[in-house]
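Notes for the one structure printed next.
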C-alpha cells in the first residue's frame, strides 16, 4: 500500500506515520526509508509535512521544493522584508542614539539612573544586531537555513537579550520608585557602584533563564526548524521569571507612583482653591509688602503684573502641574507599551506549555499568529528609545544634535540652549556671546525690567523693595524651571 501510494505521488501524512511505526519496529530501515519515500512525494506534500510536523527534517524536502516553503507571495514577501528591515534599523539607530547621548553629554553622565537606561539600550541594540537579522531570514525563507550550533546560539541570544530588556525595565521602575518615595535616604545609596551592581544582577538573572536549553533542556535539533525549548518545566520557569514576575513588580511600583502623582495633583488643586500665594518665598513676600506699603500706584501695578506673570494666573507653580501631568503620561506610555508588546506572546507560550502537559499532545497554533506575537515583542525594543525621547527632554535634545552630526560641540550647544531657556535669552547657535547676554530681557527678565522701570518715580526704599521683589521672582522662576526639569528627568 505504501509503495503504491508513493509511486502515485499520493503519499499521505498517515502513510508516513505507518512507515515510521514500521521503521521503529525494525521491519523497515529508519530515516533512509523516510527520505526515500518523501522524495517521491510532490512539493505540496513535502511542504505540508514540514510545516505540520516539527520532527520532519529539511533534509527530507527536495531542493527544488525549498522555494515553496515560503508562505508569502512575491509582493507580500517584499513588503514583509522591507517592514522588518525598517524595524531592525530603527531599533539599532534609536538605541545607539541613547548610548551615544549618555556617552557624550556630561549632564546625562551625572545621573546614575542613566546607567540603567544605557543597559536597557544595550540589550535592545544587541537584539537588533544579533537576533533580528536571523529572524528575518527565518521569516522570509520559511525554514531555518543554518546548522544546529547556529540555532543554539540564536535562541540563547534571543532569550538572554529579550529577558535582559524586560528586567532592565523592571530595574528602572525600582529605581524610580525609590527616588520618589525615599528621596533623601536613597540619594546617598544611589551611587554608580550600586547601579553597576543592579545592572550585573539583571544580566546574571537573564543568563540564568537563557542557559538551561544549552545544558540539555530542549528537544533534539531538526534541520530546518529552530525554536524555543518546549520542555514544560523550562517554559514555566522562563515565562514566570522573564515576564510575569517583572510585570507584577512594575505594576505595583508604577501604581504607587501614579497614586502619589495624583495626590500631589489634588494637593495643588486644593492650594489653588484655598489661596494662591501661600508658598511664595519669604523674601519675595516681604519685598512686595514693603513695596505696596511705600510705593506709588505705578509700582504696585508693576508688582501685580509680576505676580501674574510668575504664577501664570493661577495660585500654584506651573512646573509642579506640568511635572505631574508628564509623570502620569510617562508611566502610562511605559506600562502600556510594555504590556501591549509582550503580554500576548507570554500568554501564548505558557498556554501552549500547559496544554501539552495536560493533553499530552502539542497544540498546533497558526504560524502567522505565533510570528505576529513574537515580532510584537521585538517592537518593544523599538519603542523604548522613542518613549524616552518623547517624555524626557534630557534625551530629546541630544538626539536632535546627534542626528544633525553635532557630536563635537554637543555639550556647548546644550549649555547654550539651556541658558537661553532658563534666563529668557535668545540662543546664538554654538554659544551665547557677551553681546547676546546684554540683549533685551524676555520672560521673567522682562517682568524685572518692568518693575525697575517703574521704580524711579517712587521713594528710594520703595525702589529697593521693588528690585528685591523682582530679583526674588526671577529666582523663583528659575527654581520652578529647574524643579520641572529635575522631575521630568526623574520620571
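Numbering (this note's numbering), first residue to last: 26 to 516.
Note that CB positions come from ideal geometry on N, CA and C, so glycine has one too.
Leaving out the 5 sequence neighbours to the left and right, which residues in its chain are closer than 8 Å to residue 158 when beta-carbon positions are compared?
-> 113
Minimum length 3: unbroken beta strand (DSSP E) runs contained in the stretch 91-165 = none
Rounded C-beta distance between residue 407 and residue 414? I'm assuming under 8 Å.
-> Incorrect: roughly 12 Å between the Cβ atoms, too far for contact.
Can you round the beta-carbon distance between residue 250 and residue 169 to whole angstroms, since I take them to be within the 8 Å contact cut?
-> 6 Å
May I ask you to report which of helix, strand or coil DSSP gives residue 193?
-> helix
Could you give the distance in angstroms between the alpha-carbon of residue 2 and the alpha-carbon of residue 153?
-> Missing from the structure shown is residue 2; the chain here goes from 26 to 516 and no further.
Which of helix, strand or coil does DSSP assign to residue 417?
-> coil
Could you pull out every residue in the same chain whose Cβ sits closer than 6 Å to the Cβ of residue 137, ignoring the five residues on either side in sequence?
-> 215, 217 and 220
Between the C-alpha atoms of residue 283 and residue 401, what's the straight-line distance to the nearest angstrom?
-> 26 Å
Mind reading off the beta-carbon distance from residue 121 to residue 193? Whole number of angstroms is fine, and I expect it under 8 Å.
-> With 8 Å as the limit, residue 121 and residue 193 do not qualify as a contact, their Cβ atoms being about 16 Å apart.
For residue 151, is the classification buried or exposed, using 16 other Cβ atoms within 10 angstroms of its Cβ as the cut-off for buried?
-> buried
Going by CA-CA distance only, name the one from 126, 117 and 198 that's closest to residue 430.
-> 126
Assigned exposure category for residue 433 - 16 Cβ within 10 Å defines buried = exposed
Residue closest to residue 411, alpha-carbon to alpha-carbon, out of 362, 196 and 202 | 362
Kindly indicate which residue of 277, 106, 290 and 372 has the alpha-carbon position closest to the one of residue 160.
-> 106
Outcome for residue 295 when other beta-carbon atoms lying within 10 angstroms are tallied against a minimum of 16 = exposed
Separation of residue 298 from residue 268, as counted between CA atoms = 44 Å
Is the Cβ-Cβ distance between residue 188 and residue 261 less than 7 Å?
-> no
Buried or exposed: residue 172, going by 16 or more other Cβ atoms within 10 Å of its Cβ?
-> exposed
Nearest-angstrom Cα separation, counted from residue 245 out to residue 201 | 44 Å
With distances taken from CA atoms, which of 370, 209, 265 and 375 is nearest residue 393?
-> 370
For residue 378, I'd like the list of residues in its chain whose CB is within less than 6 Å of its CB, leaving aside the five on either flank, ordered along the chain.
-> 257 and 260
According to the neighbour-count rule (16 or more other Cβ atoms, all chains shown, within 10 Å of its Cβ), is residue 38 buried or exposed?
-> Legend: pLDDT at residue 38 = 40, less than 50; position of this residue unreliable, value from coordinates given subsequently. Answer is exposed; the Cβ neighbour count stays below 16.
For the putative contact between residue 164 and residue 396, defined by C-beta atoms under 8 Å, what is the C-beta separation to the nearest angstrom?
-> 6 Å
Outcome for residue 167 when other beta-carbon atoms lying within 10 angstroms are tallied against a minimum of 16 = buried
Just how far apart, CA to CA, sit residue 130 and residue 383?
-> 55 Å
Whole-number beta carbon distance between residue 239 and residue 177, since they are thought to touch under 8 Å = 6 Å
Return the bridge partner residues of residue 405 from the DSSP annotation.
-> Answer by DSSP bridge pairing: none, since residue 405 is not bridged.
Selection from 289, 387, 418 and 272 that minimises the alpha carbon distance to residue 368 = 272
Hey, which unbroken runs of the alpha helix (DSSP H) at 4 residues or more fall wholly within the stretch 254-293?
-> 257-264
Report back the beta-carbon spacing between residue 264 and residue 374 to the nearest angstrom; my notes put them in contact at under 8 Å.
-> 5 Å
7 Å CB neighbourhood of residue 185 in its chain, flanking five on each side removed = 231, 232 and 235
Counting along the chain, where does the alpha helix (DSSP H) carrying residue 219 start and finish?
-> 217-235
If we ignore side chains and look at the alpha-carbon of each, how far apart do residue 148 and residue 204 end up?
-> 24 Å
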